[in-house]
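>
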Amino acid sequence: MDLRCNYDKKSARGHCFPQPTALVVDECPEVLEYYSTMLEAYGYQVRRCGAYPEGLRCLGKEAFDFVIVGQGTPKFEGSCVLKRAVEADRSLPVVVVARCLDMSAYIEAMQLGARDYLVEPVTAWEIGRLLPPQPCLSAAA
């Protein structure tokens, strides 16, 4: 487990927090890079998966604090990752990202337990508002 540490000058004590982890699953390498960079800027350790079966394997082996999954085509291939993530932890925030709005995929995603369904382009602010709260590294505990 990776830790983020903060040193408090007033008390001369350090505080370490587990680094949050995120899973990003999408078949497009540029999309993987975009969301990974964004989440890393928010302090996340990111696991990238370029295929839905690979994302399923990662969910079976590791625990995550946040998941972004691409919808894929209108057939919604990413639904398998969403289902597995929500089955493992109902409180895990899973966000589905689509290249264009598909109402049937939107409805399916929300019924399966997605935290949100976003249509690209997605901004850092939109992702940031969906992230679970993390320990503040700038304040002394």
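Using our numbering, the first residue of the sequence shown is number 177, and each one after it goes up by one.
Cβ atoms here follow ideal geometry from the backbone N, Cα and C, with glycine treated the same way.
Between which residues of its own chain and Q310 is the CB-CB distance below 6 Å, once the five residues before and five after are set aside?
P196
> From this set, Q287, P297, D265, which residue's C-alpha is nearest F242's C-alpha?
Taking the Cα of F242 as reference, the smallest distance to any Cα among Q287, P297, D265 is reached at D265.
> Can you round the beta-carbon distance between V273 and G231 to whole angstroms, since I take them to be within the 8 Å contact cut?
Actually they do not touch by this definition, with Cβ atoms about 13 Å apart.
> At what residues does the beta strand (DSSP E) containing Y293 begin and finish?
For Y293, the uninterrupted beta strand (DSSP E) segment begins and ends at 292–295.
> Would you check if the distance between the CB atom of V270 and the CB atom of A261 is smaller than 8 Å?
yes
> Using three-state DSSP, classify L199 as helix, strand or coil.
The answer is strand: DSSP assigns L199 an E or B state.
> Taking all protein chains shown into account, do 16 or more other C-beta atoms lie within 10 angstroms of the C-beta of A290, making it buried, or fewer, making it exposed?
buried
> Could you compute how far the alpha carbon of E284 sits from the alpha carbon of R275?
16 Å
> Rounded to whole angstroms, what's the CA-CA distance from K259 to L235? Just pull it up for me.
Computed Cα separation, rounded: 11 Å.
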